[in-house]
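Peer 1: Got a structure for you, questions after.
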Amino acid sequence: MSTINHLGIIMDGNRRWAQKKNLTPQQGHKEGYKKLLEVGQWCLDRDIKMLTVYAFSTENWKRDRREVEFLMKLLKKALTEEVEKFNQKGIKIRFLGSREKLSRDIIKNIENIQERTKGNDKGVLNLCFNYGGRLEIVEAVKKIIEKDFKPKDVTEELITQHTWLEDVGDPELIIRTSGEKRLSGFLTWQSVYSEFYFTNIHWPDFSEEELDNAVKDFNNRNRKFGGN
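The end of the sequence shown is residue 230 by the numbering used here, with every number in the run present.
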């Protein structure tokens, strides 16, 4: 049993995994998607009710056009083929990020899967897609200005209410795979008191054992939140 309710994961290393195996980046992303489905089940088995993953950042548009097109096709496939599986497991799907640059078909599919899974209550999968942590804060500020709030009314709570994760608690733990030790814009507002776990394992090779190692490491930490 885990003491973690909300887990964040930066799923890094699909391309590096593929390169090591002389495969294409697209094959790496395909394996990374399969891994996400596995890890989602492992989280449910450990009573981790909410999983938020970094699937596609606003900077990822700079990648090779063929790779980006493949990621969009993979997303569309997941949105259309996995709905019933998520419903059977009682998983609510939410997309966090900008709709800018996304095709009308993908936006329609995003809205469809969110609507069809909104009543599920066994767990929540938040997909950060076309997401940037600073962009999220900028968009929150714009909403607050549009609503004519006075400067004295602006609080942390008000800003939180206007972020894409408006009604979601901050993640207790954030895992990043593939050896990098930075957030890269993931949950910039929500991660101020998150614990971090970095592993050299590439995302497609992430295992149940490594998830347990991360949870055990978290459970052994003394979280003071600025206290003594």
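Yeah, the Cβ is synthetic: ideal placement off N, Cα and C, and Gly gets one too.
Indicate whether Ser193 and Glu174 have their beta-carbon atoms separated by less than 8 angstroms.
Peer 2: Contact flag unset, no.
Peer 1: What residue from Phe58, Lys218, Gly171 has the CA that sits closest to Lys75's CA?
Peer 2: The option with the nearest alpha carbon to Lys75 is Phe58.
Peer 1: Does the Cβ of Leu167 have 16 or more other Cβ atoms within 10 Å, making it buried, or fewer, making it exposed?
Peer 2: That one is buried.
Peer 1: Under three-state DSSP, which class holds Leu104?
Peer 2: Leu104 falls in the coil class under three-state DSSP.
Peer 1: Which value, in whole angstroms, describes the spacing of the CA atoms of Arg67 and Arg225?
Peer 2: Their Cα atoms are separated by approximately 43 angstroms.
Peer 1: Which complete alpha helix (DSSP H) runs does the stretch 139-188 hold, if anything under 4 residues is left out?
Peer 2: As far as the stretch 139-188 is concerned, its whole alpha helix (DSSP H) runs of at least 4 residues are 158-163.
Peer 1: Would Trp191 pass as a contact of Met13 if the rule is Cβ separation under 8 angstroms?
Peer 2: No, Cβ-Cβ distance for Trp191 and Met13 is not below 8 angstroms.
Peer 1: Pick out the complete beta strand (DSSP E) segments inside the stretch 32-104, 3 residues or longer, and give them in chain order.
Peer 2: Those beta strand (DSSP E) runs which fall completely within the stretch 32-104 and span 3+ residues are 52-59, 93-98.
Peer 1: Does the count of Cβ pairs from the stretch 114-131 and the stretch 38-58 closer than 8 angstroms reach three?
Peer 2: Taking 8 angstroms as the limit for Cβ pairs, the verdict is that the stretch 38-58 does touch the stretch 114-131.
Peer 1: With DSSP run on the structure shown, which of helix, strand or coil describes Gly30?
Peer 2: Of the three classes helix, strand and coil, the one that applies to Gly30 here is helix, per DSSP.
Peer 1: Mark Leu38 as exposed unless 16 or more other C-beta atoms lie within 10 angstroms of its C-beta, in which case mark it buried.
Peer 2: Buried, because 16 or more other Cβ atoms sit within 10 Å of the Cβ of Leu38.
Peer 1: Could you check whether Arg101 and Ile95 sit closer than 8 angstroms to each other, using their CB atoms as the reference points?
Peer 2: Cβ distance not < 8 angstroms, so Ile95 and Arg101 don't count as in contact.
Peer 1: Is DSSP giving Gly134 helix, strand or coil here?
Peer 2: Here Gly134 sits in coil by DSSP.
Peer 1: Go ahead and label Gly134 buried or exposed: buried means 16 or more other beta carbons lie within 10 angstroms of its beta carbon, across all protein chains shown.
Peer 2: Flag for Gly134 reads buried.
Peer 1: Tell me whether the beta-carbon of Phe131 lies closer than 8 angstroms to the beta-carbon of Phe97.
Peer 2: In contact: Phe131 and Phe97 (Cβ atoms closer than 8 angstroms).
Peer 1: Can you find the residues in the same chain that come closer than 6 angstroms, C-beta to C-beta, to Phe220, ignoring five residues on each side of it along the sequence?
Peer 2: Correct list, in chain order: Leu175, Glu197.
Peer 1: Is the CB-CB distance between Lys51 and Asn111 below 8 angstroms?
Peer 2: No, the Cβ-Cβ distance between Lys51 and Asn111 is not below 8 angstroms.
Peer 1: Does DSSP put Ile6 in a helix, in a strand, or in coil?
Peer 2: Residue state, collapsed to three classes: coil.
Peer 1: Should Val140 be labelled buried (16 or more other beta-carbon atoms within 10 Å of its own) or exposed?
Peer 2: Answer is exposed; the Cβ neighbour count stays below 16.
Peer 1: Work out the CA separation of Val156 and Asp207 for me, nearest whole Å.
Peer 2: Each residue's alpha carbon lies about 44 angstroms from the other.
Peer 1: What do you reckon, are the CB atoms on Phe151 and Leu137 nearer than 8 angstroms?
Peer 2: No, the Cβ-Cβ distance between Phe151 and Leu137 is not below 8 angstroms.
Peer 1: Cβ of Thr54 within 8 angstroms of Cβ of Phe88?
Peer 2: No, the pair does not count as a contact, with Cβ atoms beyond the cut-off.
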